[in-house]
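**Q** There's a structure below that I have some questions on.
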Amino acid sequence: MAGVKLVNVSKVYEGGISAAKDINIAVEDKEFLVLVGPSGCGKTTVLRMIAGLEEITSGELYIGDKLMNDVPPKDRDIAMVFQNYALYPHMTVYDNMAFGLKLRKFTKPEIEERVTEAAEILGIRDYLSRKPKALSGGQRQRVALGRAIVRKPKVFLFDEPLSNLDAKMRVQMRAEISKLHRRLDATMIYVTHDQVEGMTMGDRIVVMKDGVIQQVGKPLELYNGPTNKFVAGFIGTPAMNFFEGKIRKERRLYFEETGGGVRLEIPGSYEPKLGGMAGKEVYLGIRPEHIQLDEGKKGGLDSTWPLKVEISEPMGNEVYLYFESRTSQIVSRVTAVIDPKPGTELKMYFDTTRAHFFSKENESSLSFD
Amino acid sequence: MDRGYGKMNSKSGIRHSNSKIVNLRSKIFSYILYFLIIGFTLVVLYPIINVLSISLRPGDRLLSTSLRIIPDGATFHAYMELFTQTPFLLWFWNSSVIAATVTVTGVALASTAGYAFSRFNFYGKKSAMVGLLVTQMFPPTMLLLPMYIMLLKLHLINSYFGIIIIYTSTALPFCVWQMKGYYDTIPFSLEESARIDGSTRWGAFTKIVLPLAAPALVITALFSFMTAWAEYVVAAQVLQDTSLFTLPLGLKQFEASMSTQWGLYAAGSLIISIPAVALFLFLSRWLISGLTLGSVKG
Numbered sequence: 001m002a003g004v005k006l007v008n009v010s011k012v013y014e015g016g017i018s019a020a021k022d023i024n025i026a027v028e029d030k031e032f033l034v035l036v037g038p039s040g041c042g043k044t045t046v047l048r049m050i051a052g053l054e055e056i057t058s059g060e061l062y063i064g065d066k067l068m069n070d071v072p073p074k075d076r077d078i079a080m081v082f083q084n085y086a087l088y089p090h091m092t093v094y095d096n097m098a099f100g101l102k103l104r105k106f107t108k109p110e111i112e113e114r115v116t117e118a119a120e121i122l123g124i125r126d127y128l129s130r131k132p133k134a135l136s137g138g139q140r141q142r143v144a145l146g147r148a149i150v151r152k153p154k155v156f157l158f159d160e161p162l163s164n165l166d167a168k169m170r171v172q173m174r175a176e177i178s179k180l181h182r183r184l185d186a187t188m189i190y191v192t193h194d195q196v197e198g199m200t201m202g203d204r205i206v207v208m209k210d211g212v213i214q215q216v217g218k219p220l221e222l223y224n225g226p227t228n229k230f231v232a233g234f235i236g237t238p239a240m241n242f243f244e245g246k247i248r249k250e251r252r253l254y255f256e257e258t259g260g261g262v263r264l265e266i267p268g269s270y271e272p273k274l275g276g277m278a279g280k281e282v283y284l285g286i287r288p289e290h291i292q293l294d295e296g297k298k299g300g301l302d303s304t305w306p307l308k309v310e311i312s313e314p315m316g317n318e319v320y321l322y323f324e325s326r327t328s329q330i331v332s333r334v335t336a337v338i339d340p341k342p343g344t345e346l347k348m349y350f351d352t353t354r355a356h357f358f359s360k361e362n363e364s365s366l367s368f369d
Numbered sequence: 001m002d003r004g005y006g007k008m009n010s011k012s013g014i015r016h017s018n019s020k021i022v023n024l025r026s027k028i029f030s031y032i033l034y035f036l037i038i039g040f041t042l043v044v045l046y047p048i049i050n051v052l053s054i055s056l057r058p059g060d061r062l063l064s065t066s067l068r069i070i071p072d073g074a075t076f077h078a079y080m081e082l083f084t085q086t087p088f089l090l091w092f093w094n095s096s097v098i099a100a101t102v103t104v105t106g107v108a109l110a111s112t113a114g115y116a117f118s119r120f121n122f123y124g125k126k127s128a129m130v131g132l133l134v135t136q137m138f139p140p141t142m143l144l145l146p147m148y149i150m151l152l153k154l155h156l157i158n159s160y161f162g163i164i165i166i167y168t169s170t171a172l173p174f175c176v177w178q179m180k181g182y183y184d185t186i187p188f189s190l191e192e193s194a195r196i197d198g199s200t201r202w203g204a205f206t207k208i209v210l211p212l213a214a215p216a217l218v219i220t221a222l223f224s225f226m227t228a229w230a231e232y233v234v235a236a237q238v239l240q241d242t243s244l245f246t247l248p249l250g251l252k253q254f255e256a257s258m259s260t261q262w263g264l265y266a267a268g269s270l271i272i273s274i275p276a277v278a279l280f281l282f283l284s285r286w287l288i289s290g291l292t293l294g295s296v297k298g
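If you're matching them up, the sequences are chains A and B in order.
Everything in the first sequence is counted per the numbering used here, starting at 1 for the first residue and increasing by one.
Everything in the second sequence is counted per the numbering used here, starting at 1 for the first residue and increasing by one.
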């Protein structure tokens, strides 16, 4: 096993289109790193550069201690699971899994042992003689995983492997890949646009946008301490609520939404960072679970505001309440068992001790460094 | 209760009569279809049956008032004469060598060139593709003179090599285009996966892409073979030495201004068609769709 290091790696396509800019990531040995971001953010390009399927325009890529920029994919000792499975349709499941081992001149008994072992782990032993077209989506993805694990490579690369599966199968396979990671104790780099996969599977997450890394950190670090508005909005479901407004300093600090919308007290703990920002335009970000029904005992902050319910979505164990403010749509995640009619006015408590503030100019966090 | 059953019965009665009408319609439709199919088959088969009949007639009678397929006094004399008293086997050999070489060269070049056009971006790619297409727009006879002059300058008139070059270059543009088109339907990720599994680019091409492109390879092979096997016009210009004659040139030998040997002509024609039919039947097993089914999420 080995770590992977990208040093100032960039990718510029013909015509000057830049897909990845100055990527610096150090993936530890045996780490599960998730690259996450919206479509077109460059995460797959980064993965393909690690795989050797895309040339690196500038920068250095190391797998272990070896510089890999000009090493062909076959000599990088990596395995990759593709979004669309990429199984060889003219070969049986067994041959699909044995293909890489045959090319590496493994003996027949060795190949059989490894393929059988992998098939056992993935529960596809009964399908070894079938062709891919005779398998379901989930089974095909298992074969693709099997093809990767039989080789016991230094690094596993996953390119959105679950995005073609239905929701139930996705949850199941997510758990299986996590289990596989623990079992194989291997370095894994996983690309996805689904932040839930990142949060649930990754040891660390790299959030990308427009070819640039926005933040690298452990899932909860990103959730609780996003360094900019993009990361704050990308991580978490439902997404964080944002309000546009100004900081106002009276006896205490307040946030006032533009156009006479919500007015919320900012706790004293923010004073050192926001005290000097009075009069400046900022974004206030607050997660849906931090906007609750006002039950009267919420820490003494003047941050309760009446809002009219637009839609209510009961989820069984919780309710999503949607409101409209002056500058945005607000969603609140309430654990109470209520089902208010549209138009009902509710007094909502904004737990501003958990709020985030972002600069209006560059959208970077004012509350975290 | 009774009324209820009555309703159900009348409903099912309507359904029953509806399905009867549908069945009748589909029967009439299939009768018309079969009638047309049989009609077209007869139109296609008639000349072949006629040629068979001529080849079996005693003497060299082209025309006959009889409609019998096997004529009175049917004989294999023409076939025996064809093999024993004419250089038919030599022509057969010449045609086989030329057609086989054109087929192998055509498949080798079209499969690799088509791959390059499908997978790589290079300067002049678009112009080259259009250029290939343009060559298909000229009638072959128009190219005869320039090709003849070229071969003359290269001292390739009257040689296998000369005619093979012409046939291959005539067949290639279509083959390259159709190979390229087929490769375009094979997902890139299959090759990428093979390259990560340990293949070289060439290995991924031969082990993954080529087996999946079997139907296109078969079309290329058949097209190349047919370009060379039954061609007359170009062969008549390039090959002048009778020992190098191909089957179509040889057959023409049986034709004279006063007395054409129709029996030999017909027998030869039938035998010429056998390898082409056999090759088609043999290769048709690879003419199947859906080879890439299951490889990627559709």
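Even for Gly, the Cβ is constructed at its ideal location relative to N, Cα and C.
Spell out a yes or no on whether the stretch 253 to 273 of chain A and the stretch 232 to 243 of chain A are touching, meaning 3 or more CB-CB pairs, one atom from each, closer than 8 Å.
**A** They touch, by the three-pair rule.
**Q** Just how far apart, CA to CA, sit residue 260 of chain B and residue 251 of chain B?
**A** When rounded, the distance between both Cα atoms is 11 Å.
**Q** Would you mind giving the Cβ-Cβ distance between residue 215 of chain B and residue 286 of chain B, rounded to the nearest angstrom? I have them listed as a contact below 8 Å.
**A** Right, the Cβ-Cβ distance comes to about 6 Å (below 8 Å), so this counts as a contact.
**Q** Within the chosen definition, does the stretch 104 to 118 of chain A reach the stretch 175 to 192 of chain A through at least 3 CB pairs nearer than 8 Å?
**A** No: fewer than three Cβ pairs fall under 8 Å.
**Q** I'd like the ranges of any alpha helix (DSSP H) spanning at least 4 consecutive residues and lying wholly in the stretch 136 to 206 of chain B.
**A** You should have 144 to 153, 160 to 184, 188 to 197, 201 to 204.
**Q** Tell me which residue opens and which closes the alpha helix (DSSP H) that residue 304 of chain A is part of.
**A** Not the alpha helix (DSSP H): residue 304 of chain A falls in the beta strand (DSSP E), residues 304 to 314.
**Q** Got a sec: which bits of the stretch 184 to 199 of chain B sit with their beta carbon under 8 Å from any beta carbon on chain A, in order along the chain?
**A** The stretch 184 to 199 of chain B vs chain A, Cβ under 8 Å: 187, 189, 190, 192, 193, 194, 195, 196, 197, 198, 199.
**Q** Name the chain A residues whose beta carbon is nearer than 7 Å to that of residue 208 of chain B?
**A** Near residue 208 of chain B (Cβ distances below 7 Å), the residues of chain A are 88.
**Q** For the alpha helix (DSSP H) that residue 375 of chain A lies in, which residues bound it at each end?
**A** What the structure shows of chain A is the stretch from 1 to 369, and residue 375 of chain A is not part of that stretch, so it cannot be assessed.
**Q** Grouping DSSP H, G and I as helix and E and B as strand, with all else coil, what is residue 187 of chain A?
**A** Three-state result, residue 187 of chain A: strand.
**Q** Around the C-beta of residue 3 of chain B, are 16 or more other C-beta atoms found within 10 angstroms, so that it is buried, or is it exposed?
**A** Because residue 3 of chain B carries a pLDDT of 47, less than 50, the predicted location of this residue cannot be relied on, and no value is offered for it.
**Q** Buried or exposed: which applies to residue 34 of chain B, given that a residue is buried once 16 or more other Cβ atoms fall within 10 Å of its Cβ?
**A** Exposed.
**Q** In chain C, what lies closer than 8 Å to residue 104 of chain A by C-beta?
**A** This model lacks chain C altogether; the protein chains it does include are A and B.
**Q** Taking Cβ positions only, does residue 4 of chain B come closer than 9 Å to chain A?
**A** For residue 4 of chain B, the predicted model reports a pLDDT of 47, less than 50, meaning its position is unreliable; a value from the coordinates is still stated below. Not closer than 9 Å to any Cβ of chain A, the Cβ of residue 4 of chain B fails to qualify, so no.
**Q** According to DSSP, is residue 356 of chain A part of a helix, a strand, or is it coil?
**A** Three-state DSSP puts residue 356 of chain A in a strand.
**Q** What is the DSSP secondary structure of residue 22 of chain A, reduced to helix, strand or coil?
**A** Note: residue 22 of chain A maps to strand in three-state DSSP.
**Q** Cβ closer than 7 Å: which chain A residues qualify as neighbours of residue 211 of chain B?
**A** Here the neighbours are 90.
**Q** Measuring only the C-alpha atoms, how far is residue 340 of chain A from residue 307 of chain A?
**A** Near 12 Å, if we compare the C-alpha coordinates of residue 307 of chain A and residue 340 of chain A.
**Q** Could you name the residues of the stretch 273 to 306 of chain A whose beta carbon sits closer than 9 Å to any beta carbon of chain B, in the order they occur along the chain?
**A** Those would be none; no residue qualifies.
**Q** Which whole runs of the beta strand (DSSP E) in the stretch 23 to 56 of chain A are 3 residues long or more, in chain order?
**A** List check, beta strand (DSSP E) in window: 32 to 36.
**Q** For residue 296 of chain B, would you say it is in contact with chain A, using Cβ-to-Cβ distances shorter than 9 Å as the test?
**A** Yes, because at least one Cβ of chain A sits closer than 9 Å to the Cβ of residue 296 of chain B.
**Q** With a threshold of 9 Å between beta carbons, is residue 203 of chain B in contact with chain A?
**A** Yes - at least one Cβ of chain A is within 9 Å of the one on residue 203 of chain B.
**Q** Measure the alpha-carbon distance for residue 13 of chain A versus residue 20 of chain A and round it to whole angstroms.
**A** Whole-angstrom Cα-Cα distance: 10 Å.
**Q** Starting from residue 5 of chain A, trace the beta strand (DSSP E) both ways and give me its first and last residue.
**A** Looking at the DSSP string, the run of the beta strand (DSSP E) that includes residue 5 of chain A is 4 to 12.
**Q** Run the CB neighbour count on residue 277 of chain B, radius 10 Å, all protein chains shown included, and call it buried at 16 or more, exposed below.
**A** Exposed.
**Q** Does the pairing of the stretch 205 to 222 of chain A with the stretch 320 to 339 of chain A give three or more beta-carbon distances under 8 Å?
**A** The stretch 205 to 222 of chain A vs the stretch 320 to 339 of chain A: no contact.
**Q** So, with DSSP's three-state summary, where would you put residue 103 of chain B?
**A** The answer is helix: DSSP assigns residue 103 of chain B an H, G or I state.
**Q** Would you list the residues sitting across from residue 217 of chain A in a DSSP beta bridge?
**A** Looking at the DSSP assignment, residue 217 of chain A forms a beta bridge with A:205.
**Q** Using a Cβ distance threshold of 8 Å, determine whether the stretch 345 to 358 of chain A contacts the stretch 282 to 300 of chain A, with at least three qualifying pairs required.
**A** In short, these stretches touch, since the Cβ pair count reaches three.
**Q** What does residue 84 of chain A reach in chain B if we use C-beta pairs closer than 7 Å?
**A** Those are 187, 189, 296, 297, listed as they occur along chain B.
**Q** Between residue 318 of chain A and residue 126 of chain A, what straight-line distance do the alpha-carbon atoms span, to the nearest angstrom?
**A** Approximately 42 Å, taken between the alpha carbons.
**Q** Whose C-beta lies closer than 7 Å to the C-beta of residue 266 of chain A among residues of the same chain, with five residues either side of it excluded?
**A** Hits under 7 Å: 253, 254, 255, 274, 352.
**Q** What residues match up with residue 241 of chain A in a beta bridge as DSSP calls it?
**A** Answer by DSSP bridge pairing, in chain order: A:286.
**Q** Decide if the stretch 203 to 220 of chain B is in contact with the stretch 79 to 90 of chain A; the criterion is three or more beta carbon pairs, one per stretch, under 8 Å apart.
**A** Cβ pair count under 8 Å is three or more, so yes.
**Q** Would DSSP call residue 72 of chain B helix, strand or coil?
**A** Residue 72 of chain B falls in the coil class under three-state DSSP.
**Q** In three-state terms, what does DSSP make of residue 86 of chain A?
**A** In this structure, residue 86 of chain A counts as coil in the three-state DSSP scheme.
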